[in-house]
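**Q** Chains as they are written, first to last, in my numbering: chain D, 15 to 158; chain H, 15 to 158; chain C, 15 to 158; chain X, 15 to 158.
Every residue, glycine too, gets a C-beta built ideally from N, C-alpha and C.
4 protein chains.
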Amino acid sequence: MSNELKMTVEELETFIDTEFPQVHHGGRSFAIEGIRPMGATVRLFYHDRHLRPGGTISGPAMMSIADYAMYIAILAQLGPVALAVTTNFSINFLRKPEQKDLMADCTLLKLGKRLAVAEVSMRSEGSDDVVAHVVGTYSIPPRG
Amino acid sequence: MSNELKMTVEELETFIDTEFPQVHHGGRSFAIEGIRPMGATVRLFYHDRHLRPGGTISGPAMMSIADYAMYIAILAQLGPVALAVTTNFSINFLRKPEQKDLMADCTLLKLGKRLAVAEVSMRSEGSDDVVAHVVGTYSIPPRG
Amino acid sequence: MSNELKMTVEELETFIDTEFPQVHHGGRSFAIEGIRPMGATVRLFYHDRHLRPGGTISGPAMMSIADYAMYIAILAQLGPVALAVTTNFSINFLRKPEQKDLMADCTLLKLGKRLAVAEVSMRSEGSDDVVAHVVGTYSIPPRG
Amino acid sequence: MSNELKMTVEELETFIDTEFPQVHHGGRSFAIEGIRPMGATVRLFYHDRHLRPGGTISGPAMMSIADYAMYIAILAQLGPVALAVTTNFSINFLRKPEQKDLMADCTLLKLGKRLAVAEVSMRSEGSDDVVAHVVGTYSIPPRG
Chain D
15 MSNELKMTVE
25 ELETFIDTEF
35 PQVHHGGRSF
45 AIEGIRPMGA
55 TVRLFYHDRH
65 LRPGGTISGP
75 AMMSIADYAM
85 YIAILAQLGP
95 VALAVTTNFS
105 INFLRKPEQK
115 DLMADCTLLK
125 LGKRLAVAEV
135 SMRSEGSDDV
145 VAHVVGTYSI
155 PPRG
Chain H
15 MSNELKMTVE
25 ELETFIDTEF
35 PQVHHGGRSF
45 AIEGIRPMGA
55 TVRLFYHDRH
65 LRPGGTISGP
75 AMMSIADYAM
85 YIAILAQLGP
95 VALAVTTNFS
105 INFLRKPEQK
115 DLMADCTLLK
125 LGKRLAVAEV
135 SMRSEGSDDV
145 VAHVVGTYSI
155 PPRG
Chain C
15 MSNELKMTVE
25 ELETFIDTEF
35 PQVHHGGRSF
45 AIEGIRPMGA
55 TVRLFYHDRH
65 LRPGGTISGP
75 AMMSIADYAM
85 YIAILAQLGP
95 VALAVTTNFS
105 INFLRKPEQK
115 DLMADCTLLK
125 LGKRLAVAEV
135 SMRSEGSDDV
145 VAHVVGTYSI
155 PPRG
Chain X
15 MSNELKMTVE
25 ELETFIDTEF
35 PQVHHGGRSF
45 AIEGIRPMGA
55 TVRLFYHDRH
65 LRPGGTISGP
75 AMMSIADYAM
85 YIAILAQLGP
95 VALAVTTNFS
105 INFLRKPEQK
115 DLMADCTLLK
125 LGKRLAVAEV
135 SMRSEGSDDV
145 VAHVVGTYSI
155 PPRG
């Protein structure tokens, strides 16, 4: 596995805006904070749309940000030709998030020819406590 | 475990409308199709809001309907005092759903004093093929 | 997916005895109870080797029987050329098993070209209560 | 959560030898390499008993070492009164392990009053590649 990334943050954002505009449906929810070999960090803006009563970020919003972090990490590594599909997604909810942006750190545990496996730890901005933890598997289509 | 349900479908709908109005934020997405001892069936209306380009129902929408089905099955069994919290949620995406309503069948595998474990099979209306399969764990708070 | 099975129980047992004799290391632990389209039932003999103090069947023994049930169900469907490899295995332990043989019922949720996904419910012989529940994913190698 | 550990490695080994002698049934398989606040590292000796043909460490052996690492990390933190029970165990098999000892690094993501959630990364000794990754949940009994 080469440690050279195939896309910059700017290229990733342009790619997402063009190919998956629905990610930002209703207003921009996510931002790419940084990418690195076999990893990415993504931010979920604290926003009414993602909240449960009491100000807690909803489960589906946490799932969406984790899925986004994994997809960005895979894209950065493989380049824009990749069309990975989530096959398994397992999340443990550990603590109530604070009323702040949520940061999702993704590490690719494996990036094989057919499968990628990634883990994501989510923390409220500025906190060390893991709010939720995800392990996901992506199926990578054959490359020509 | 008694096989007697503590709530009717009507009571469940009233409870959800009152306690969790945000479930229906943006328009009514879910309907309770039926409940039974240790199980429930819930419908996700096929609707623009839940779609990915190409008309596929999005992953987060599938997660929401599965979570809803599990919560309804637990509520029906325990009554409205219960405030179960999802602790683990694991989903396998198996096939592309059709451009139809999505039916989620939940069976409670265990309903203990502290933990409930449930599985959910999701199918496009009128089809036998499982589109996605979920196993979830809920933590049940101590009852007075 | 054809509903025609490619192997009989006898052929499956011969195949396992020849290719994976270590399954029976230390004495015969498993028996194939039956196969059907997209499913199989396997028995774990109640035996000292699989026990925890107090007579409870150990977690690893439950994992082994579930894995075996999934592998038999896939082999029956694909025939002896298949060399499926477990990629994900998720188990929920629900109840203490009884001091009896353990029956594992496997259903294939999906049998695609590259991935198979199966669920397994384990019950003590003669009981309806699910003792443990597994969802597993297998990677299927390209077929020539 | 206090960062002070309640047991030393020596006390942990004595506790396991006394309370769970079956862990070492057939010869000593595991060794505690080290403990730290909210974490532990455990070694699985490369040994015939754990092998599949070709010299690969078997899935059940990997599951056993991961479960052991999680249990040691919880015990070190809570002390010998704890009797944690595995409720969910999810493993991703990523690479073939080498013909060497297997090292399992456990980190507790949460240690609550009722639930502990841990992750474990397994690597062949001297390698950086993750061979298998586990997330597990333990139910912790009420403490008097």
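Which one of H/E133, H/G41, H/D142 has the shortest CA to CA distance from H/I86?
**A** Comparing Cα positions, the closest option is H/E133.
**Q** Would you identify the three-state DSSP class for H/A98, choosing helix, strand or coil?
**A** Looking at H/A98 - three-state DSSP - the assignment turns out to be coil, as it is neither helix nor strand.
**Q** Within 10 angstroms of its Cβ, does H/D142 collect 16 or more other Cβ (buried), or is it exposed?
**A** Answer is exposed; the Cβ neighbour count stays below 16.
**Q** Pull out every residue of the region 97-108 of chain X whose Cβ sits closer than 8 angstroms to any Cβ of chain H, in chain order.
**A** So the list reads T101, N102, S104, given in the order they occur along the chain.
**Q** Using 8 angstroms for Cβ pairs, my map puts H/A90 next to H/I154. What's the rounded Cβ distance?
**A** About 14 angstroms separates the two Cβ atoms, so there is no contact after all.
**Q** What in chain X is Cβ-close to D/V131, meaning under 8 angstroms?
**A** Neighbours of D/V131 on chain X, chain order: N106, L108, H147.
**Q** Quick check: the Cα distance between D/V131 and D/T22, rounded to an integer number of angstroms?
**A** So the alpha carbons of these two residues sit roughly 22 angstroms apart.
**Q** Can you pull out the residues from the region 71-87 of chain X whose beta carbon lies closer than 7 angstroms to at least one beta carbon of chain C?
**A** Within the region 71-87 of chain X, the residues whose Cβ lies closer than 7 angstroms to some Cβ of chain C are G73, P74, M77, S78, D81, listed in chain order.
**Q** DSSP puts X/I46 in a beta bridge; with which residues?
**A** Note: X/I46 sits in a beta bridge opposite X/V56.
**Q** Tell me which residue opens and which closes the beta strand (DSSP E) that X/S78 is part of.
**A** Unbroken run through X/S78 is the alpha helix (DSSP H), 73-92; no beta strand (DSSP E).
**Q** By Cβ distance, which residues of its chain are closer than 6 angstroms to D/Q113, with the 5 residues on each side in sequence left out?
**A** Same-chain partners within the cutoff: G69.
**Q** Please say whether H/R109 and C/K124 have beta carbons closer to each other than 8 angstroms?
**A** In contact: C/K124 and H/R109 (Cβ atoms closer than 8 angstroms).
**Q** Between H/R57 and chain X, is any beta-carbon pair separated by less than 8 angstroms?
**A** It does not; no Cβ of chain X falls within 8 angstroms.
**Q** Could you give the distance in angstroms between the alpha-carbon of H/M15 and the alpha-carbon of H/T121?
**A** Caution applies to H/M15, whose pLDDT of 49 falls short of 50 and renders its modelled position unreliable; the model cannot decide the point.
**Q** Please identify the residue among C/R137, C/S43, C/P156, C/V56 whose C-alpha is closest to the C-alpha of C/P111.
**A** Nearest option by C-alpha distance: C/R137.
**Q** Can you check which of these residues, H/T101, H/F107, H/E139, is closest to H/Y60 by C-alpha distance?
**A** When only C-alpha atoms are compared, the closest one is H/E139.
**Q** Would you mind stating whether H/N102 and X/N102 have Cβ atoms separated by less than 8 angstroms?
**A** Yes.
**Q** Starting from C/T151, find everything on chain D with Cβ-Cβ shorter than 8 angstroms and list it in chain order.
**A** Correct list: T101, N102, T151.
**Q** Where X/G53 and H/D31 are concerned, what is the direct C-alpha to C-alpha distance, given to the nearest angstrom?
**A** Roughly 44 angstroms between the two C-alpha positions.
**Q** Taking the beta strand (DSSP E) that D/E133 belongs to, which residues open and close that run?
**A** Residues 129-138.
**Q** Per DSSP, what kind of secondary structure is H/T151 in: helix, strand or coil?
**A** Of the three classes helix, strand and coil, the one that applies to H/T151 here is strand, per DSSP.
**Q** In chain C, which residues lie less than 8 angstroms from D/R128 when you measure between Cβ atoms?
**A** Those within 8 angstroms of D/R128 in chain C are R128, S153.
**Q** How many angstroms separate the CA atom of C/I46 from the CA atom of H/E47?
**A** So the two alpha carbons sit approximately 38 angstroms from each other.
**Q** Give the residues of chain H in contact with C/V144, contact being defined as C-beta atoms less than 8 angstroms apart.
**A** L123, K124, listed in chain order.
**Q** Work out the CA separation of X/F44 and C/E33 for me, nearest whole Å.
**A** Each residue's alpha carbon lies about 29 angstroms from the other.
**Q** Taking the continuous alpha helix (DSSP H) assigned at H/K121, which residues delimit it?
**A** For the sequence presented, residue 121 of chain H should be read as Thr rather than Lys. That residue, H/T121, is in no alpha helix (DSSP H); its beta strand (DSSP E) goes 116-125.
**Q** Could you pull the DSSP bridge partners for D/I30 from this structure?
**A** BP columns for D/I30 are empty, so no partner.
**Q** Give me, in chain order, the residues of the same chain whose beta-carbon lies closer than 7 angstroms to that of X/T100; leave out the 5 immediate sequence neighbours on both sides.
**A** Excluding positions up to five away in sequence, the list reads D81, G150, Y152.
**Q** State the Cα-Cα distance for the pair H/P35 and C/V148, rounded to the nearest angstrom.
**A** Looking at the two C-alpha atoms, the distance is approximately 34 angstroms.
**Q** Report the three-state DSSP secondary structure of X/V23 (helix, strand or coil).
**A** Helix at X/V23.
**Q** Please classify X/R42 as buried or exposed, where buried requires at least 16 neighbouring CB atoms within 10 angstroms.
**A** It is exposed - the Cβ of X/R42 has fewer than 16 other Cβ atoms within 10 Å.
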